[in-house]
Amino acid sequence: MNRRYFVKGLGTITLYSFLPMPAVFDNKYEWDPFETTTSGKPEKKHNYAMIIVQDRCIGCKACEVACKAAWNVPKDPELYRTKVLYTARAQSYSSKMTWLPVLCNQCDNAPCVKVCPTRASFKREEDGIVLIRQDKCMGCKTCMLACPYDARYYNENIHSVDKCTFCLPRLKEGKTTACVESCYKNARIFGDLAGPESEVSKIMKEAVAYHTLKPEEGTLCNVYYTQDV
Amino acid sequence: MSENTETRSAMMPALPFIVLGLLLCIAGGYGVISVFVKGHEESYGVTRMIPWGLLIATYAYFVIISTGIAFIGGLAHAFGFKQYEPIGRRIVVLATIVLLAGFTQILMEVGSPVKMLHMMLTPNMSAPIFWMGTFYGIELGILAVELFLVFKPTQTEKSRKLAAVAGFLALLVGVLATSNLGYVFGSLSARQWFQGIYFPIFLVVSGVTAGAGLLILVHYVMYKGRLTEEVSKSLVSLGRLMGGGIGVMMLLYLWKLLSSLFIGGGDAYTAAVALVKGPLALNFWVGEMLLAVLIPLILIVTARGNVGRYALAGFIYLIGLFFTRYDFIVAGQLPPMRGGFFGAGVVTDFVGMRLYSPSATEWLVYLFGFGVFFLLYFSAEKFFNLETKHH
Chain Z
10 MNRRYFVKGL
20 GTITLYSFLP
30 MPAVFDNKYE
40 WDPFETTTSG
50 KPEKKHNYAM
60 IIVQDRCIGC
70 KACEVACKAA
80 WNVPKDPELY
90 RTKVLYTARA
100 QSYSSKMTWL
110 PVLCNQCDNA
120 PCVKVCPTRA
130 SFKREEDGIV
140 LIRQDKCMGC
150 KTCMLACPYD
160 ARYYNENIHS
170 VDKCTFCLPR
180 LKEGKTTACV
190 ESCYKNARIF
200 GDLAGPESEV
210 SKIMKEAVAY
220 HTLKPEEGTL
230 CNVYYTQDV
Chain U
3 MSENTETRSA
13 MMPALPFIVL
23 GLLLCIAGGY
33 GVISVFVKGH
43 EESYGVTRMI
53 PWGLLIATYA
63 YFVIISTGIA
73 FIGGLAHAFG
83 FKQYEPIGRR
93 IVVLATIVLL
103 AGFTQILMEV
113 GSPVKMLHMM
123 LTPNMSAPIF
133 WMGTFYGIEL
143 GILAVELFLV
153 FKPTQTEKSR
163 KLAAVAGFLA
173 LLVGVLATSN
183 LGYVFGSLSA
193 RQWFQGIYFP
203 IFLVVSGVTA
213 GAGLLILVHY
223 VMYKGRLTEE
233 VSKSLVSLGR
243 LMGGGIGVMM
253 LLYLWKLLSS
263 LFIGGGDAYT
273 AAVALVKGPL
283 ALNFWVGEML
293 LAVLIPLILI
303 VTARGNVGRY
313 ALAGFIYLIG
323 LFFTRYDFIV
333 AGQLPPMRGG
343 FFGAGVVTDF
353 VGMRLYSPSA
363 TEWLVYLFGF
373 GVFFLLYFSA
383 EKFFNLETKH
393 H
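Sequence lines, in order, name chains Z and U. Start counting the first sequence at 10; every next residue gets the next number (the numbering used here). Start counting the second sequence at 3; every next residue gets the next number (the numbering used here).
Printed below as a string of C-alpha cells:
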C-alpha cells in the first residue's frame, strides 16, 4: 500500500466516523425548540407514575434502604436514588413531623436528556422512564447540573451517572418498585396512569389537589404529591 | 538573518521556564497519578450539588485564552491587521499549546474520558456540550494546519492565501467555541445565573483580552524587554486592544450584576450576592475587580507606549482572570436545589449557600495544566525559531 492510498483510506474512515450513525435516529426524543411545554404531555403506551401521599410518610426511610440494597447504591450518604427529606415541624413541642420523599421525577420534558452529549441519558418512548446507558456515560456531569431536582449522582463503581429507574428491571419481572414494596404506610403508590383502573389513576381522579415539584421549570414530572388530610 | 541570530542569542530566558514547567509537571503528575489510583470521588472536592469545580474553571481559563489568541491571529491573517503580523508564529504556537494545556484539565475532570468516543458514535446534536467538543476539536485541527503553514520553509503566495483562510477559520470557530461554552452553562435550566446572553459574550471578550495580555507578556519575557521596533509596535497595539477589552468587560460586569441584584430573589440573585458579599467576595473584589479590571486598566491607560507596563498589565490580568473563571463557575452552583434545612440532605452555610473548596489533588492537577503549558511552550521557544520571518 503506498502512502497516497493510506492517506486516502484514513481520510475516508475519518469522514465516515463523523457521519451520524443509524443509532442517532433510533431515539425519537429529539428536542424540538419550537415545541413548548404548554403543548401537554406526549402520548405513551404506558405512563408510569408515582403518587406520594405526603402525610402518610413517617420518615422510617425503609424506602431509602430498600433502594440502596436493590441497586447497589454506594453507602456514602450523599449517593442515593431516593431520599426522605425532613421538611417541617412547626414548633419544638409539635408532635407532627412532615416528610418529603424525593426521587427522579421521570420528567416528560427532561433537561438531563437534552444536555447529554452522548445520548447516554434517554427517555423511553413506550413508558416515559428516563434511563442512563452506563456504557455511554462519559461522566461529564452536565445532567447533574441541569436537573432541578438533584436526582442524579455520579457512581464511581459503575463509572457512570446513576439515578432512579422506577425499578424498570423489577417491573419487567412483574414486581413493583423496591421503595413502594418497602413502604408499609402506603405513602408511595406506583402504577400506570394510562390504565384507567389502576390505583394511581383512581387517586388522581379523586384527589382534590395534587402538585409536582418545581412546576415552574416546565419539566412535566411524573411524580405527584398529595395529602390524606 | 544576522538580526535573527542576534535575537535568538538574546533569547535565553526560556530555560528557567522549562525547569519550572518540569517541576510543575512532576508535582502535578503526582496528583494525576493519585487520581488514577484513588479515583475521582476520593480525590476531588466536587460534590453531588457542585459537580463542576476547579478543573472545569482551569479548563475554561485555558481554552478561552487559546481562542482569544487565535482571534488575534485571525485579525492579522484574514482582516489585514498588519500590526499583528510580526508575531504570527508565536500566535499560532501559543494558541495550540494553551489549548492542549486546557485539554489536560477536561480529561482529568471527566469521569471516563474513553467514553467520549460516544460523542462521535451517537452524538446528541441538541446538546451544547457536543458542540463544545466539536468546535474545540476543529479548532485544534485548524491550529495544526496553521502550524504547518507558518513553519513551512518556503512561503509562497499560495501558502499565504491558505494562511489567511486558516486564520479566518480559526477566528470564526474560536468565537463559536467560546460563545458555545457560555451556552453549555446557559442551557442548564436549573441554574439561573448562567442563563442569558451575558456569558457567551463575556467569555469571548475576556478571552481576546487575555490572549492579547499573554502575547505581550510572552514577547516581553522572551526579548528580555529589548524589543525590536516592529514587535514593539505590535505589542503596543495589543495593549490597546487589551484596554478596550477590559472596558467592554466593565460594562458587561456592571449590567449583569445590577440586573441580578435588582431582582432581589432567585438563584441568579443568590449567585450575585455570593460574589458581592458572600463566600466568593474576596475572590470577586480582589481577584476580579482589582486584578482583572482596575490595576491592568490603570497600567494600560498610563503606559503611553511603554511595553513593560503593558506586559505587567497582562501578567496581573492573567492572574485576575483565573478568579473570574473560577467565580463564574462556582457562583452559579452555590444556590442549592432545595433549602438546606436540617434533614434535607443538603449542607449549606448560614446564608443558605452550598459549600465548595477544591481539594489538594485538584490543585495538583491544576498545577499539572500549568506545567504542561510552561514545558511545551518554552521548549518550543528553545528548540524552534518562533521569530516570524519578513514577508
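Quick reminder that beta carbons are idealized off the backbone N, C-alpha and C, glycines included.
For the putative contact between residue 158/Z and residue 111/Z, defined by C-beta atoms under 8 Å, what is the C-beta separation to the nearest angstrom?
7 Å
According to DSSP, is residue 349/U part of a helix, a strand, or is it coil?
coil
Beta-carbon neighbours of residue 112/U, restricted to chain Z and to distances below 9 Å
147, 148, 149, 150
Interface residues of the stretch 89 to 103 of chain Z facing chain U [CB-CB below 9 Å]:
89, 92, 93, 94, 95, 96, 97
Contacting positions in the stretch 123 to 134 of chain Z - beta carbon closer than 8 Å to chain U
123, 124, 125, 126, 127, 128, 129
Taking residue 157/Z as the query, report the chain U residues whose CB atoms sit under 8 Å from its CB, ordered along the chain.
191, 192, 339
Segments assigned alpha helix (DSSP H), at least 4 residues, entirely inside the stretch 132 to 217 of chain U
159 to 188
Backbone secondary structure at residue 92/Z - three-state DSSP:
strand
Count the other CB atoms, across all protein chains shown, that sit within 10 Å of the CB of residue 306/U; report buried if there are 16 or more and exposed otherwise.
exposed
Please list the residues of the stretch 124 to 135 of chain U that have a C-beta atom closer than 9 Å to any C-beta atom in chain Z, keeping them in chain order.
124, 125, 126, 127, 128, 129, 130, 131, 132, 133, 134, 135
Short of 7 Å in beta carbon distance, which residues of its chain neighbour residue 204/Z, apart from the five on each side in sequence? Order them along the chain.
210
Please say whether residue 66/U and residue 93/U have beta carbons closer to each other than 7 Å?
no
At the 7 Å Cβ level, is residue 120/Z part of the contact set with chain U, yes or no?
yes
Sort 139/U, 353/U, 237/U by Cα distance to residue 216/U and report the nearest one.
237/U
If we count the other Cβ atoms within 10 Å of its Cβ and call it buried at 16 or more, is residue 363/U buried or exposed?
buried
Quick one: measure Cβ to Cβ for residue 118/Z and residue 227/Z, integer angstroms, because I've assumed they're closer than 8 Å.
6 Å
Please give me, in chain order, every unbroken run of the alpha helix (DSSP H) with length at least 4 that falls completely inside the stretch 146 to 212 of chain Z.
151 to 155, 177 to 181, 187 to 191
Count the C-beta pairs between the stretch 342 to 359 of chain U and the stretch 17 to 33 of chain U that are closer than 8 Å, then say yes if the count reaches three, no if not.
no
What residues from the stretch 201 to 222 of chain Z come within 7 Å of chain U, judged by C-beta to C-beta, listed N to C?
none
Reference residue 295/U; option with closest CA among 112/U, 37/U, 252/U
252/U
Tell me which same chain residues have a C-beta within less than 6 Å of the C-beta of residue 48/Z, skipping the five on either side of it?
At residue 48/Z the pLDDT is 47, less than 50, meaning the model places this residue with poor confidence; the figure from the coordinates comes in the next sentence. Counting only Cβ-Cβ distances below 6 Å, and skipping sequence neighbours, we find nothing.
What residue ranges within the stretch 241 to 301 of chain U form continuous alpha helix (DSSP H) runs of no fewer than 4 residues, ordered along the chain?
268 to 278
Checking the sheet assignment: what are the DSSP bridge partners for residue 108/Z?
95/Z
Have a look at residue 192/Z and residue 182/Z and give me their C-alpha separation to the nearest angstrom.
19 Å
Start and end of the beta strand (DSSP E) containing residue 140/Z?
139 to 141
Starting from the Cα of residue 35/U, find the closest Cα among 308/U, 370/U, 117/U and give me that residue.
370/U
Contact between the stretch 270 to 278 of chain U and the stretch 188 to 201 of chain U: three or more CB pairs below 8 Å?
yes
Examine chain U for any beta-carbon lying closer than 7 Å to the beta-carbon of residue 162/Z, and answer yes or no.
yes
C-beta neighbour in chain Z for residue 294/U, strict 7 Å:
no
Beta-bridge partners of residue 233/Z, as assigned by DSSP:
60/Z
What whole-angstrom Cβ distance do residue 97/U and residue 145/U have, given they're in contact under 8 Å?
6 Å
Checking contacts by CB at 7 Å: is residue 202/U closer than that to chain Z?
no
If you drop the 5 nearest sequence neighbours on each side, which residues of the same chain put their C-beta closer than 8 Å to that of residue 386/U?
95, 153
Does any residue of chain U bring its CB to less than 7 Å from the CB of residue 140/Z?
no
Around the C-beta of residue 220/U, are 16 or more other C-beta atoms found within 10 angstroms, so that it is buried, or is it exposed?
buried
8 Å Cβ cut-off: residues of chain U touching residue 154/Z:
53, 54, 190, 192, 193, 335
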